[in-house]
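Worksheet: the structure to be examined is printed underneath.
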Amino acid sequence: MENESSRLQRDALFKQLKPSCVALSQLTLVEDGDPSNVKAVIDGTAKLLHVLEDKCQRTDGSFDEKLADYVFFPLSQILRKKQKFTDQLSEQTIKCVRILLEYGWKTSIDLELAKQLLILLSFVAGGKPGKEILLAPEELLIETLRALSVLFSAVENTHGGSAAIKEPEIILALGYCLTVILEAITDGSTSSIQFQALFALERAWHCIRDPVTLSKFLPGAVSVLTKCLMLTTKTRRSRKVLVKIIDLLCYILVSCLSDIVTRKVRINQNNSQDKSAKESNKDTLMTEWLTTTSEQIKLALLKVVELRSHKAVEVQRALNNLCITLLDECHETLSDSSQILVETSLSLHGIDSVDRVGERKTDLSDLVLIYADLAEIIKVIIHDWVTNLPKVMQTNDETVKISALENLSHAQILLSSLNLKSSLLEEALLNSLRDSIRVNIDPLLPAKSLQETRVHIDSLAISALISKNPTSIKFDPIIMPRESQKNTREKFMTLVTNLGSGDSQMKLANKMLEYAECASGPSLLSSYWLSFEILKIVNRKNKEIEDFLVPSITSCCNQASLEQGLFFFSFSLLSKDDEEINDWRLQAIGLEVMAYVAQRMKHSFRTELVDTLYPVVQFLGSPNQILREHAITCLNIFSHSCGYSDSSALIINNVDYMVNAICLRLNTFNIAPQGPQILIMMIHLAGPTLLPYLDDVVDSIFAALANYHGYQHLVGAFFSVLAEIVLVGSKSDQLLVNGVGDKSSSVSHRKKLFPIPTIESIIETYISPSTQSQKEGPDNFSDYQKFPEVPWKDSTKNFIHQNSDHIGQNDDIDKYNNDSEFKEVQKLPPSKMYSMLQSIARLSQYHLTSSSPVLRSKLLGLITKAAGALYHDEDNFLPLVNDIWPVVVKRIYDPESFVCVAACDTVTELCRCTGDFISTRISVEWSQLISIIRSTKTSVEREQHTGHGRGNYSQASQKWDAFLRLLTAIISYVRIEDGMLDDLIEVLGNEIWETKEVRIAIESVNAEVVWLAKYIHDNENWLPLD
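Start counting the sequence shown at 1095; every next residue gets the next number (our numbering).
Now the structure itself:
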């Protein structure tokens, strides 16, 4: 019944194919070359192709070899006359042939027909033999390669096909066909062509089967595939093509060189001793071929394994599969290539586990259990890698570095899984890691000759820097810090993580720390950093398993010992002066260690702040930006670990520790450039509450100034501290805490306009005193007391002496002595903060003669600020002004314009604070002062007239504005003579009525001067009457 159904289906299919086949046969038999006939052939072929694609692509057996032979007849006529037809017709014809091969002749093709098709398709794809191969156009070539693939599959499935293909009359055709296929693989213009050619080669290799025949084509196939896999080839190949090439190369090598195949060759050679000499020579040739081929394959593999650096994971997996397969299947045959294959597989170890959960493939660890010799090869390879790592890390190619580090990481994982580690190998690896870091450390700039360190002081900038980074709790890398080295650094840390078990890592870290304590230079830095990184890795591993396992007491003790050793070593580095540390990166790592210990100890680290806080804070004043950022991050970690809200709170709550540390350094003349800057930062953060504790610091600063007055930048730094003290102290409520000179009752020295007299005021003022006396009566003169002729203290003693008869006992005399009526009134001493600011202002005058104009200007500003804070207590302030006046006033004539401006502002402030107290001093300086003012005014007028100056920004304009402020203050607060007033009117000119402050100040002295001066100016020809 089934045969009947198949026959009916075949008959039906035949009826559908017959019209197209008959019509096409008739068209192909006509050879007139008429274009219309050619077009008809194309249309007929297209109809036949449509029927084949629609009806014949079936696997039920209806379309058998007989129907295929029937359909092939008209197609053969087209193929025979291929030169007369277009490539479009050839393409359609080959599509039809491919369907016939795939569905009609798939298991039984006539071998003679197969030979003819092999030759024909080879001609279509690459042209006739004997000439240079010229590949067909893309679409035609792809269809031809598909047809060849199906042809080889049909021959393979046909009985006797594989045996027939090795016959001598077919070998030549087969050789040319394979040559065309290899040419398509090499020079195919698209990935589709290359992939179809690879598939055709694969089907051909499956079809041949005979090892002897395959050995003839092996060199050419391996050579072409190797060439296609080389990274230097000009033709870009897709990942899919590369994977296919590697898989095909693996199959070709295994089919020809597997241990099973070569074992047969060796057995045949041993059994051929009784054969003829000719056969013996043949066997010897076979052995020579095997030896030569193994050597050539080794050279080819050297080029193929370069793909292990390819970015595509698919390519790496295919390459790893090639190595594992050859190590397993061709272990004996390709023993010379074992090291190459093992090294490649070792570098790709674990690549199959990526994104392949649940799949388990044979890997290198499995082969080591089967072949014992591979373990020794692995150790040799790893030792070579370890030895060459420093040399590799010294190169500038980050890709090469990453590859070397990845290889060692995979090797460490494999050694751990196979338990193949040795102490010698670990020691060599540790030394190699240290040397690798050493050669990767950027060289420092050459040390400069001994000179003064210049430090930029800006308390606001420091405190702002801290407040802007409150959440910065992650350090920037010190080793391999550049962004281009990020991947290298990550791979290096992965390698360190895979060094072994926690106990072995702790031993390595201890060795590194011991080495660091005796080393110097880059070796010290590398071993120190490596020891710290290993400690962090071990702690992280232990933390991950704490929830499941209890760590041993020994491991905990070793870990604590290493952590304590690193802490004390880091503290010693941070406590040293910069001159003693040749590499700032050691201090940066020391800060990281301190922060790490604080994170581990948390709140209990507060007890360590006594010793560790100042060494960390001092780096806020470092000239190195990275050290400053590290110090900020370290302080943030300190505050977070110890329970403070932020870094400012940390410093304020522990400011006493820092003050003691700074005082100790100043008293021992251990002057560091960062000390003044740290003081400024502490004063700015803690505010006035810190100032009462800085009296000893101020004394130490002036002692240091006396010894280091020649270092301008250091002196400037110290005076910046004093200026910050004055600035904060002037705003403090504790300045006049003893009630002396209360700010609310301060005397104003500003001159006031004398009121216009009225009749009532005249009558009240000029009433006769005698009239008042008469009204009061003559009896009132009895209360008149004589003016005292002796001091009140002496009069008390006289009173007691004169009335001794009336005073009985000694206790009565004591009562008189203690009586408030006879007791002398004593003034309360100024506050501690007042005395400190007064001392700063008084001692600063001795440095106003410094050769540094910047320092002179800074000191004048300090005195100005101090005067504004101290003038409320005149009894203590006026002697200070008397002391500093000679030095301050001379700065008005300073050759530097900005110093002159600062001096004018200082004298202006003194005028405001002292009033008539300095009137005599002003008079003494008046002639010289008015002379320089006139000169300055002349310069300003000359610049305005010529227009060559910088306007209000010129030095002369700046000085004139300062002199204008000074003259205004003199008029407003100081008593001046009439001649001085005339000089002022002359110098000020139109500023008198144009500048509001000047006009108000002059009107307070003599209101008529303003209108008179303006009247004279408006009437330049006016002459006074005689």
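Using N, Cα and C, we set each Cβ at its ideal position, and we do this for glycine too.
Being a predicted model, the structure only gives us computed values, none of them experimental.
Within the model, the alpha-carbon separation for Q1182 versus T1427 is close to 49 angstroms. One Cα belongs to C2007, the other to L1942, and the distance between them is close to 21 angstroms. The count of Cβ pairs closer than 8 angstroms, one atom from the stretch 1201-1208 and one from the stretch 1222-1237, stays below three, leaving the stretches out of contact. Assigned with DSSP and collapsed to three states, W2105 falls in helix.
Taken through DSSP and simplified to helix, strand or coil, K1670 comes out as coil.
Under the DSSP assignment, Y1751 falls in the alpha helix (DSSP H) whose first and last residues are V1749 to N1761. Residue A1162 holds the alpha-carbon nearest to the alpha-carbon of I1193 among G1715, I1213, A1162 and S1184. By the CB criterion at 8 angstroms, A1267 and L1195 fall outside the cutoff. Sequence-distant partners of V1348 (beyond 5 residues in either direction) whose C-beta falls short of 8 angstroms from its own C-beta, in its chain, are T1419, L1420, E1423 and C1424. Residue burial annotation: V2068 is buried, with at least 16 other C-beta atoms found within 10 angstroms of its C-beta. Membership of E1723 in the alpha helix (DSSP H) is indicated by the continuous run Q1719 to C1736.
The alpha-carbon separation between N1490 and E1500 amounts to approximately 17 angstroms. For V2099, the enclosing alpha helix (DSSP H) stretches over residues K2090 to V2099. The beta-carbon distance between L1142 and S1114, rounded to whole angstroms, is 4 angstroms. This is short enough to meet the 8 angstroms contact definition. In summary, K1405 is exposed, with fewer than 16 beta-carbon neighbours lying within 10 Å of its beta-carbon over all protein chains present. The beta carbons of S1503 and L1401 sit no closer together than 8 angstroms. In the structure shown, W1199 adopts coil according to DSSP, grouped into three states. One thing to note: G1823 has its Cβ no nearer than 8 angstroms to the Cβ of L1956. Exclusion of the five residues before and after V1711 leaves I1772 as the residues of its chain whose Cβ lies within less than 6 angstroms of its Cβ. The beta carbon of M1752 lies closer than 8 angstroms to those of L1707, Y1708, V1711, I1745, I1772 and M1776 in the same chain, with the five residues before and after it left out. Rounded to whole angstroms, the gap between the alpha carbons of Q1806 and L1799 is 10 angstroms.
A contact is defined here as three or more CB-CB pairs under 8 angstroms, and the stretch 1695-1703 fails this definition with respect to the stretch 1517-1535. DSSP places I1339 in the helix class (H, G or I) of the three-state scheme.
Under the three-state reduction of DSSP, D1304 is assigned to coil, being neither helix nor strand.
Residue state for V2068 is assigned as coil, using DSSP reduced to three classes. Cα atoms of I1472 and N1513: separation of roughly 12 angstroms, rounded to the nearest angstrom. Every candidate beta strand (DSSP E) stretch fails here, since none sits fully inside the stretch 1100-1188 while reaching 3 residues. With respect to the C-alpha of A1315, the residue from A1241, T1284, I1391 and T1356 having the closest C-alpha is I1391.
When DSSP states are grouped into helix, strand and coil, E1226 belongs to the coil group. Pairing S1517 with N1592, the inter-Cα distance amounts to about 15 angstroms. Taking C-beta separations shorter than 7 angstroms and ignoring five residues to either side along the sequence, the partners of L1173 in its chain run T1187 and L1214, following chain order. The C-beta separation of A1278 from I1287 comes to about 6 angstroms, placing the pair in contact by the 8 angstroms criterion.
If you compare the alpha carbons of C1322, R1722 and R1528 with that of I1573, the shortest gap goes to R1528.
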